[in-house]
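Since the structure comes first, as structure tokens, the remarks are kept for the end.
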Amino acid sequence: MTKVRQPLRRARSKESHVWEYFRKEDDGIYVKCKKCQKNLKRCGNTTNLSEHLKRAHGIHNADNHNPDDPGVPGTSSQLQVTPQSLVRKKDIQSFLVSCRQRDLTSKEREELDLALLKMVCQDFQPLSLVENEGFQQYTIQLQQTILKNEHGILYKPPNRKTLTTNLLNREFVKHSSNLREMLKLVNYVSITSDAWTSDSTKSYLTVTGHFIHNDTLHSYVLATRELSKKHTAENIALKIRDIIDEFGIAAKVVAVVTDNAANMKKCVNDCLNKPHFPCTAHTLNLVVEAAINDSLVLKNTIKKCRKIVAHFKQSCNASEALRQYQERLNLPVLKLKQDIETRWNSVAIMFDRLIKTRRPLTMAMAELPNTPEVLSHDDWAILEDSVELLQVFVQATEQLSGEKYPTLAMVIPIVRGIQCSINMCSPGNEFGSMFKNNLVEHIRARFSEIERNRLSSTASFIDPRFKKLGFGIQTNADVTEQNVLRELGPLNLLSRCELEFGEPVPQIEQPFLPSNTSSNSLWSQFEEKKRMNAMTNNSTANCVIEMRHFLASKVIDRTENPLEYYSKNKNVFPTLHELNMKYACIPATSVPSERVFSKTGQVTNSRRNRLAPDNLDKIIFLNSYYSSNK
Numbered sequence: 001m002t003k004v005r006q007p008l009r010r011a012r013s014k015e016s017h018v019w020e021y022f023r024k025e026d027d028g029i030y031v032k033c034k035k036c037q038k039n040l041k042r043c044g045n046t047t048n049l050s051e052h053l054k055r056a057h058g059i060h061n062a063d064n065h066n067p068d069d070p071g072v073p074g075t076s077s078q079l080q081v082t083p084q085s086l087v088r089k090k091d092i093q094s095f096l097v098s099c100r101q102r103d104l105t106s107k108e109r110e111e112l113d114l115a116l117l118k119m120v121c122q123d124f125q126p127l128s129l130v131e132n133e134g135f136q137q138y139t140i141q142l143q144q145t146i147l148k149n150e151h152g153i154l155y156k157p158p159n160r161k162t163l164t165t166n167l168l169n170r171e172f173v174k175h176s177s178n179l180r181e182m183l184k185l186v187n188y189v190s191i192t193s194d195a196w197t198s199d200s201t202k203s204y205l206t207v208t209g210h211f212i213h214n215d216t217l218h219s220y221v222l223a224t225r226e227l228s229k230k231h232t233a234e235n236i237a238l239k240i241r242d243i244i245d246e247f248g249i250a251a252k253v254v255a256v257v258t259d260n261a262a263n264m265k266k267c268v269n270d271c272l273n274k275p276h277f278p279c280t281a282h283t284l285n286l287v288v289e290a291a292i293n294d295s296l297v298l299k300n301t302i303k304k305c306r307k308i309v310a311h312f313k314q315s316c317n318a319s320e321a322l323r324q325y326q327e328r329l330n331l332p333v334l335k336l337k338q339d340i341e342t343r344w345n346s347v348a349i350m351f352d353r354l355i356k357t358r359r360p361l362t363m364a365m366a367e368l369p370n371t372p373e374v375l376s377h378d379d380w381a382i383l384e385d386s387v388e389l390l391q392v393f394v395q396a397t398e399q400l401s402g403e404k405y406p407t408l409a410m411v412i413p414i415v416r417g418i419q420c421s422i423n424m425c426s427p428g429n430e431f432g433s434m435f436k437n438n439l440v441e442h443i444r445a446r447f448s449e450i451e452r453n454r455l456s457s458t459a460s461f462i463d464p465r466f467k468k469l470g471f472g473i474q475t476n477a478d479v480t481e482q483n484v485l486r487e488l489g490p491l492n493l494l495s496r497c498e499l500e501f502g503e504p505v506p507q508i509e510q511p512f513l514p515s516n517t518s519s520n521s522l523w524s525q526f527e528e529k530k531r532m533n534a535m536t537n538n539s540t541a542n543c544v545i546e547m548r549h550f551l552a553s554k555v556i557d558r559t560e561n562p563l564e565y566y567s568k569n570k571n572v573f574p575t576l577h578e579l580n581m582k583y584a585c586i587p588a589t590s591v592p593s594e595r596v597f598s599k600t601g602q603v604t605n606s607r608r609n610r611l612a613p614d615n616l617d618k619i620i621f622l623n624s625y626y627s628s629n630k
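Using UniProt numbering, the first residue of the sequence shown is number 1, and each one after it goes up by one.
The structure is reproduced here in structure tokens:
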């Protein structure tokens, strides 16, 4: 009987280490990468899986590499082995092993949670970020890459509910409380306010606070509240009053800076009964707008420019042609900038960019079909004259919009500087001369009272950078000197009484009630009034001496910090130092609150339009707080 020969059974080869990185799916066709969760098709071998590991994760020779063996490097680079490197390698291995063998402590987890919240607030990310699959996979991949931890994840980000109801609320309460405590330590606070509308057509009111603490200027967003009612002066005043009451600064507010809108002026002057200072940047913009509206020729040129810029922004072919011509001419690659009616100085910025790209722009428009009407020689002359006249407005707005240094004192010298700069310009055509005259006239009309404004004149006079030199009219400087002396007197008397009595000055108009019934009690009230009169006279004399000394001292450089000057000389000018704390905290513009509108465009767009106004308020506050405390 012939035996049937059995086929030899092939010995099963050891499974590739590639499978340490993949999980087989139930369908038997696809596998899932454990690192990035991507599905890959099986092709009968592990070649495509190895290629994925190389391309996506930088893992080479996966067939021979055991990911659980920390002694084998995961890349193709070779390290020089030295006794020192072996020690370091051993330490790293021990650290990684220890990471795998323990969970995060509650403190470590809390620190990571707070870092995540800080990122959300600082970058205006949506709260739902923590629920996005891509973000979750990123945190997993990050830990796996750093710790070489294939299976265990140490940190899992909190969900949106925890981030909002727990972390956001807790951080807001903590830091708003810190700000309240800081505000208790200061005597003077100024605020700015601005109303704006989000992408979801909700109206909001933002209030910022500015004060000097430890001779340093501080700026914070106090609150952002929804304006659900009409924007009347009364309704706005109710919101502002609620905010300043919450922070306990109602009696400390020395000025409110807003735009020139009638409802905002009425809100501050009539409803809040606080000193109002109109935003200087807004006023400068009104000057430029009025001068432009006076010139039909300029308005037509602006329309032409807007069409050209819009065409190059909307057409890929046009923008690419402009880029290529700039490169051929070895010029910087610049994009055109569109004029936006609500943005200050945007006409000047648009004109300036067109002038800088004139040659490549002209060449591109000559080549491209269906382009807008080209600018004529006269149009280009208008652009050049306009930029020469308007560039000083751009510079002034930028300098007056700072938040890290005192700006109110700069208003008078900057306005006078603008007038001087414009008068020195020599336009080359009739349009330029007319536009120049229009600007001069509107500046005179808008700023005719700026040297008699108590806030701006006092701030400039007591600023060691300017003193009387910033004024254009000497009489206004002399009147301001007398006003400052009158304001210094009570401050000096107050400080003297606090030193002598250990308490603020008593109100001498009230009847003096002696505590004893001695024979001298009959004349106690008279003697006290006599004593206070002597102190008042001494205080006035002291203030005059301090003022003379201040005016005789050297005017410091314009780039120096006046707060540092007063900090170093507070013993020499103690009363002026105190008065400067009151006026140097007032910003020249309402830009701090208006900036919130541009920032929050990132947090109130269509992806975030479900964000509750209360949470928006907290995020904006924390964004400001984190930025101010870097």
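For glycine and all other residues, C-beta sits at the position ideal for the given N, C-alpha and C.
- Counting only unbroken stretches of 4 or more residues, the alpha helix (DSSP H) elements lying wholly within the segment 268-309 are 280-293, in sequence order.
- A Cβ-Cβ separation of about 11 Å leaves residue 358 out of contact with residue 329 under the 8 Å criterion.
- The C-beta of residue 476 has 16 or more other C-beta atoms within 10 Å across all chains shown, which makes the residue buried.
- Counting the other CB atoms within 10 Å of its CB gives residue 414 a total of 16 or more, which places it among the buried residues.
- Ranked by Cα distance from residue 352, the first of 305, 203 and 472 is 305.
- Under DSSP, residue 24 takes part in a beta bridge, and its partners are 31.
- Linking residue 288 to residue 279 through their CA atoms gives a straight-line distance of about 15 Å.
- Boundaries around residue 192 are those of the beta strand (DSSP E), 189-197, since no alpha helix (DSSP H) includes it.
- Per DSSP, residue 626 lies in no beta strand (DSSP E) segment; the continuous alpha helix (DSSP H) that holds it begins and ends at 613-628.
- In the three-state DSSP reduction, residue 230 falls in the coil class, being neither helix nor strand.
- By DSSP's assignment, residue 204 forms a beta bridge with 196 and 226.
- Counting the other Cβ atoms within 10 Å of the Cβ of residue 188 gives 16 or more, which makes it buried.
- Non-local C-beta neighbours of residue 41 in its own chain, meaning closer than 7 Å and more than five positions away in sequence, comprise 29 and 30, ordered along the chain.
- Among the bridge pairs identified by DSSP, residue 256 is matched with 191 and 276.
- Cβ contact annotation for residue 233 (same chain, cutoff 6 Å, sequence separation greater than five): 263, 266, 267 and 271, in chain order.
- Residue 491 sits close to residue 575, with the two beta carbons spaced by under 7 Å.
- If you draw a straight line from the Cα of residue 548 to the Cα of residue 212, it comes to about 25 Å.
- The closest CA to that of residue 586, considering only 570, 241, 108 and 400, is found on 400.
- Annotation for residue 460: 409, 412, 466 and 470 place their beta carbon closer than 6 Å to its own, counting only its chain and skipping 5 residues before and after.
- The segment 162-179 makes contact with the segment 608-625, as at least three CB pairs between them are under 8 Å.
- The alpha helix (DSSP H) runs of length 4 or more contained entirely in the segment 327-395 are, from start to end of the chain, 346-356 and 358-367.
- Collapsing the DSSP output to three states places residue 219 in a strand.
- DSSP, reduced to helix, strand and coil, places residue 404 outside both helices and strands of the structure shown, so it counts as coil.
- Looking at the backbone, the Cα of residue 422 and that of residue 448 are separated by about 17 Å.
- If you draw a straight line from the Cα of residue 164 to the Cα of residue 343, it comes to about 34 Å.
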